[in-house]
Amino acid sequence: MQASQFRKLAAYLLQTHYGLDLDDTTLSEDYSTGVAQGDRVFLLINMLSNKYDLQRLDSKDNQPLSIFDEVKGLVAMNLTLVLGEQQTCCPLCGHRTNFTELDCTTQIHDCMNPSCENVFITQFDQETYQ
Numbered sequence: 004m005q006a007s008q009f010r011k012l013a014a015y016l017l018q019t020h021y022g023l024d025l026d027d028t029t030l031s032e033d034y035s036t037g038v039a040q041g042d043r044v045f046l047l048i049n050m051l052s053n054k055y056d057l058q059r060l061d062s063k064d065n066q067p068l069s070i071f072d073e074v075k076g077l078v079a080m081n082l083t084l085v086l087g088e089q090q091t092c093c094p095l096c097g098h099r100t101n102f103t104e105l106d107c108t109t110q111i112h113d114c115m116n117p118s119c120e121n122v123f124i125t126q127f128d129q130e131t132y133q
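For what it's worth, my numbering labels the leading residue of the sequence shown as 4, then goes sequentially.
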């Protein structure tokens, strides 16, 4: 994931779920170690939440963030593509991607190009899925 994407997604998740600004946390400093190790943004926020006993604004039982919260953030940031039958490549650099399938119509893609590291969500259109 690119540093700019990380910052935008972390800022969105922190503001939406905890009412915090990114600059009020150590997350911007944690980018290089966390993402380099393959940690997802929601996991880094969960570690921060546990360390400082942060309380979620949108959850009475203070459940940790999930991959679905991260996906909602990526969708809110317009990092979603609609897929047809073609193979998915990174829309920024054209390289192949690794992906995690969330359900039968939604995937999170990570660009395999180390100089790009773009992250985006794909959703299959209804005609392809049927």
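Glycine included, each C-beta is placed from N, C-alpha and C at the ideal position.
Would you report the Cα separation of N65 and P117, rounded to the nearest angstrom? The residue labelled residue 65 in the question sits at position 62 within the sequence shown. The residue labelled residue 117 in the question sits at position 114 within the sequence shown. Each residue's alpha carbon lies about 35 Å from the other.
Beta strand (DSSP E) containing H112: first to last residue? The residue given as residue 112 occupies position 109 in the sequence shown. T109 to C114 is the extent of the beta strand (DSSP E) around H112.
Quick check on the burial criterion: 16 or more other C-beta atoms within 10 angstroms. Buried or exposed for R43? As a first step, residue 43 must be located in the sequence shown, where it is residue number 40. Flag for R43 reads buried.
Local conformation of T19 per DSSP, three classes: Start at 1 with the first residue of the sequence shown, and residue 19 comes out as number 16. Residue state, collapsed to three classes: helix.
If you count every other CB in all the chains shown that lies within 10 Å of the CB of S52, and 16 or more means buried, which is it? Counting from one through the sequence shown, the residue named residue 52 turns up at place 49. Buried, because 16 or more other Cβ atoms sit within 10 Å of the Cβ of S52.
Buried versus exposed call for F71 [16 or more other C-beta atoms within 10 Å across all chains shown]: Taking the sequence shown and counting its residues from 1, the one referred to as residue 71 is at position 68. F71 comes out exposed.
Nearest-angstrom Cα distance between S62 and P94? Translated into positions along the sequence shown, residue 62 becomes position 59. Translated into positions along the sequence shown, residue 94 becomes position 91. Distance from the CA of S62 to the CA of P94, rounded to the nearest whole angstrom, comes to 35 Å.
C-beta atoms of L25 and A14 nearer than 7 Å: Counting from one through the sequence shown, the residue named residue 25 turns up at place 22. Counting from one through the sequence shown, the residue named residue 14 turns up at place 11. Taking 7 Å as the Cβ cut-off, L25 and A14 qualify as a contacting pair.
Does A60 pass the burial test, meaning 16 or more other C-beta atoms within 10 Å, or should it be called exposed? In the sequence shown, residue 60 corresponds to position 57, counting from 1. Just to set this straight, residue 60 is Leu in the shown sequence, not Ala. The residue is exposed, with fewer than 16 neighbouring Cβ atoms inside 10 Å.
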